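Engineer:
Residue numbers (the numbering used here): 595 to 1053.
(1) Cα separation between residue 819 and residue 747?
(2) Which whole-angstrom value is the C-beta distance of residue 861 and residue 685, which I expect to be below 8 Å?
(3) For residue 1003 and residue 666, I'd like the C-alpha separation in whole angstroms.
(4) Does DSSP put residue 772 in a helix, a strand or coil?
(5) Where does residue 922 fall in DSSP's three states?
(6) Can residue 762 and residue 798 be called in contact, C-beta distance under 8 Å?
(7) Taking residue 908 as the reference, give the member of 919, 687, 1033 with the closest Cα.
(8) Using only the alpha-carbon positions, how far apart do residue 1033 and residue 958 sit?
(9) Would you tell me roughly how many angstroms separate the C-alpha atoms of residue 835 and residue 874, rounded to the nearest one?
(10) For a test of the three-state rule: what should DSSP assign to residue 906, helix, strand or coil?
(11) Can you grab the Cα-Cα spacing for the pair residue 704 / residue 897, in whole Å?
(12) For residue 700, which three-state DSSP category applies?
(13) From residue 978 to residue 990, what distance separates their C-alpha atoms?
(14) Out of 856, 905, 890, 706, which one is the CA nearest neighbour of residue 943?
(15) DSSP three-state call for residue 717: helix, strand or coil?
(16) Taking the beta strand (DSSP E) that residue 733 belongs to, which residues open and close that run?
(17) When the Cα atoms are used, what is the spatial distance from residue 674 to residue 960?
(18) Where does residue 687 sit, in a helix, a strand or coil, going by DSSP?
(19) Helix, strand or coil: how does DSSP classify residue 730 here?
(20) On the premise that residue 824 lies in contact with residue 775, defined as a C-beta separation below 8 Å, what is that separation, rounded to the nearest angstrom?
(21) On the three-pair Cβ rule with 8 Å, is the segment 919-935 touching the segment 971-986?
(22) For residue 902, which residues in the same chain have their Cβ closer than 8 Å to its Cβ, ignoring the five residues on either side in sequence?
(23) Nearest-angstrom Cα distance between residue 1025 and residue 708?
(24) Helix or strand or just coil, what does DSSP make of residue 755?
(25) How far does the alpha helix (DSSP H) with residue 858 in it reach, from first residue to last?
(26) Restricting to Cα atoms, I'd like to know which of 796, 1000, 988, 740 is closest to residue 590.
(27) In chain order, what residues of the same chain lie with their CB nearer than 6 Å to the CB of residue 936, ignoring the 5 residues before and after it?
(28) DSSP on residue 693, reduced to helix/strand/coil?
(29) Span of the alpha helix (DSSP H) holding residue 823?
(30) Quick check: the Cα distance between residue 771 and residue 1005, rounded to an integer number of angstroms?
(31) If we count the other Cβ atoms within 10 Å of its Cβ and call it buried at 16 or more, is residue 954 buried or exposed?
(32) Taking Cβ to Cβ, would you say residue 906 is nearer than 8 Å to residue 993?
(33) Are the Cβ atoms of residue 888 and residue 868 separated by less than 8 Å?
(34) Residue 1075 and residue 670: beta carbons closer than 8 Å?
(35) Here's the rule: buried if 16 or more other CB atoms are within 10 angstroms of the residue's CB, otherwise exposed. What is residue 696?
(36) Taking just the CA atoms, how far does residue 680 sit from residue 984?
Laid out in structure tokens, this is it:
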């Protein structure tokens, strides 16, 4: 067993009911992997297969010889590509998780099972109806649920733990680790659970592969930036520094503000967010000169981004109709991701502003300005999330709501923020129970939530 995987991944890797979902023998795992690879290859060959099913074909389609498990795993791969890959590809023009990863997963069991685990958990939660079986693409998947997702997770981690030490440089295992961390990224923090099972394993990969990823690009670079975003999100919610060595970015295009493509601009501000966390929670304390440098970079990033980062359409909320959040349309996922991270950075800089006087007649006015700025950024995060269908947008809004929503005193505004948490659960299947309960207590709610008017971002 690899020592670095043994230390990083050995905790909490078995299902809640191990007897129900036991790990297979090496022979069984090999057979299952080969069967899964067949399912993936069939998905990759779907265009050729579909051609034989044209209405005017004189030959009927041959009956399927797939087992129920093969059908389930083909559905899971397709579900990942169609529904979850946009989360990972939001800042990747090459869309490597949708276009490249499936082919690589057919050759890498750890990556394959990571995909199955994430897809099974998301699909099972999204369709959680209690009695009706999960279905996708016209296929019933009666065995799908959190238990099966944990089984796939255990199989993935068993492959990771048996990897040779040199596999720390393996691109596919980096991709597998960030996929495994997909739910832990938000679910644990928003649900009030200390979920650090996969944190260390992902950090090892990121710290080892960073230099090569920046030089070679491809799936490795895409997974590298996903891992950085994941760690920032967790650190933001847990109020700590991001535990990553990002010295590989020093002197790179991601530390500059020269003209470049939109995904690079988005990744630049993600890196900036990591820097802001270090100022806010770092051991060296909050140094005034560092704060000023961060504010200057933040302003320059906003000023130098190309016109594509300007909203296609925007308007303030229609308060006469009970709207709370602005309407902000953007044209691309990476732009939404970049703008939302800019707001998250501004949120932190406003809260940790060292220029707010601690005493004196100017303190009250300074605090009022700070609270107004916090409110502006939280509401902007929410408006962007509702106005755009970008996969991670609602979750980024939840980050602002869960950490700063307690500052809002108007009941209607509180209910609109609370609705963001509810929408995130309904649409993405991410548990926000802890955030909901914390805000209810902070707001001292003792009555049920009233109906917030429907918000139409298309007007």
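Each residue gets a CB set at the ideal place from its N, CA and C atoms; glycine is no exception. All figures in this text were calculated on a predicted structure; none of them were measured in a lab.
Structural biologist: So, from the data block:
(1) Residue numbering aside, residue 819 sits at position 225 when the chain shown is read from its first letter. Residue numbering aside, residue 747 sits at position 153 when the chain shown is read from its first letter. Going from the Cα of residue 819 to the Cα of residue 747 covers about 22 Å.
(2) Translated into positions along the chain shown, residue 861 becomes position 267. Translated into positions along the chain shown, residue 685 becomes position 91. Contact flag correct, Cβ pair sits at about 6 Å.
(3) One-based indexing of the chain shown puts residue 1003 at position 409. One-based indexing of the chain shown puts residue 666 at position 72. Whole-angstrom Cα-Cα distance: 48 Å.
(4) Taking the chain shown and counting its residues from 1, one reaches residue 772 at position 178. The answer is helix: DSSP assigns residue 772 an H, G or I state.
(5) The residue given as residue 922 occupies position 328 in the chain shown. The answer is strand: DSSP assigns residue 922 an E or B state.
(6) What you label residue 762 is simply residue 168 of the chain shown in a count that begins at 1. What you label residue 798 is simply residue 204 of the chain shown in a count that begins at 1. Cβ distance < 8 Å, so residue 762 and residue 798 count as in contact.
(7) Within the chain shown, residue 908 is the residue found at index 314, counting from 1. Of the candidates 919, 687, 1033, the residue whose Cα lies closest to the Cα of residue 908 is 919.
(8) As a first step, residue 1033 must be located in the chain shown, where it is residue number 439. As a first step, residue 958 must be located in the chain shown, where it is residue number 364. For residue 1033 and residue 958, the distance between alpha carbons rounds to 24 Å.
(9) Counting from one through the chain shown, the residue named residue 835 turns up at place 241. Counting from one through the chain shown, the residue named residue 874 turns up at place 280. Their backbone Cα atoms lie some 8 Å apart in a straight line.
(10) Taking the first residue of the chain shown as position 1, residue 906 is located at position 312. Coil.
(11) Here residue 704 refers to the residue found at position 110 of the chain shown. Here residue 897 refers to the residue found at position 303 of the chain shown. Cα-Cα distance, rounded: 43 Å.
(12) As a first step, residue 700 is located in the chain shown; it is residue number 106 there, counting from the start. Looking at residue 700 - three-state DSSP - the assignment turns out to be coil, as it is neither helix nor strand.
(13) By one-based count along the chain shown, residue 978 stands at place 384. By one-based count along the chain shown, residue 990 stands at place 396. Their Cα atoms are separated by approximately 10 Å.
(14) Counting from 1 along the chain shown, the entry for residue 943 is found at position 349. Considering only alpha carbons, the answer is 890.
(15) On the chain shown, residue 717 is found 123 positions in, with the first residue counted as 1. Of the three classes helix, strand and coil, the one that applies to residue 717 here is helix, per DSSP.
(16) Start at 1 with the first residue of the chain shown, and residue 733 comes out as number 139. Its beta strand (DSSP E) spans residues 733-735.
(17) Sequence index remark: in the chain shown, residue 674 carries index 80 (1-based). Sequence index remark: in the chain shown, residue 960 carries index 366 (1-based). Between residue 674 and residue 960, the C-alpha separation is close to 47 Å.
(18) Taking the first residue of the chain shown as position 1, residue 687 is located at position 93. Coil at residue 687, not helix or strand.
(19) On the chain shown, position 136 is the one that residue 730 refers to. Residue 730: strand per DSSP, three-state reduction.
(20) Residue mapping note: residue 775 aligns to position 181 of the chain shown, counting from 1. Residue mapping note: residue 824 aligns to position 230 of the chain shown, counting from 1. With a Cβ gap of about 5 Å, residue 775 and residue 824 count as contacting.
(21) yes
(22) The residue you call residue 902 lines up with position 308 of the chain shown. Hits under 8 Å: 856, 925, 926, 929.
(23) Sequence index remark: in the chain shown, residue 1025 carries index 431 (1-based). Sequence index remark: in the chain shown, residue 708 carries index 114 (1-based). Straight-line Cα distance between these residues: approximately 20 Å.
(24) Translated into positions along the chain shown, residue 755 becomes position 161. Helix, per DSSP.
(25) Position 264 of the chain shown holds residue 858. Unbroken alpha helix (DSSP H) run through residue 858: 856-875.
(26) Here the chain covers residues 595 to 1053 and nothing more, so residue 590 does not appear.
(27) Numbered from its first residue, the chain shown carries residue 936 at position 342. Result list for residue 936: 863, in chain order.
(28) Reading the chain shown from its first residue, position 99 is the one you call residue 693. Helix.
(29) For the purposes of this step, residue 823 is identified with residue 229 of the chain shown, where counting begins at 1. Counting along the chain, the alpha helix (DSSP H) containing residue 823 begins and ends at 812-832.
(30) The residue you call residue 771 lines up with position 177 of the chain shown. The residue you call residue 1005 lines up with position 411 of the chain shown. About 41 Å.
(31) By one-based count along the chain shown, residue 954 stands at place 360. Exposed.
(32) In the chain shown, residue 906 corresponds to position 312, counting from 1. In the chain shown, residue 993 corresponds to position 399, counting from 1. No, the pair does not count as a contact, with Cβ atoms beyond the cut-off.
(33) Translated into the one-based positions of the chain shown, residue 888 becomes position 294. Translated into the one-based positions of the chain shown, residue 868 becomes position 274. Contact flag unset, no.
(34) No answer is possible for residue 1075: the residues shown for the chain start at 595 and end at 1053.
(35) By 1-based counting over the chain shown, the position of residue 696 is 102. By the neighbour-count rule (16 or more Cβ atoms within 10 Å), residue 696 is buried.
(36) Taking the chain shown and counting its residues from 1, one reaches residue 984 at position 390. Taking the chain shown and counting its residues from 1, one reaches residue 680 at position 86. Between residue 984 and residue 680, the C-alpha separation is close to 8 Å.
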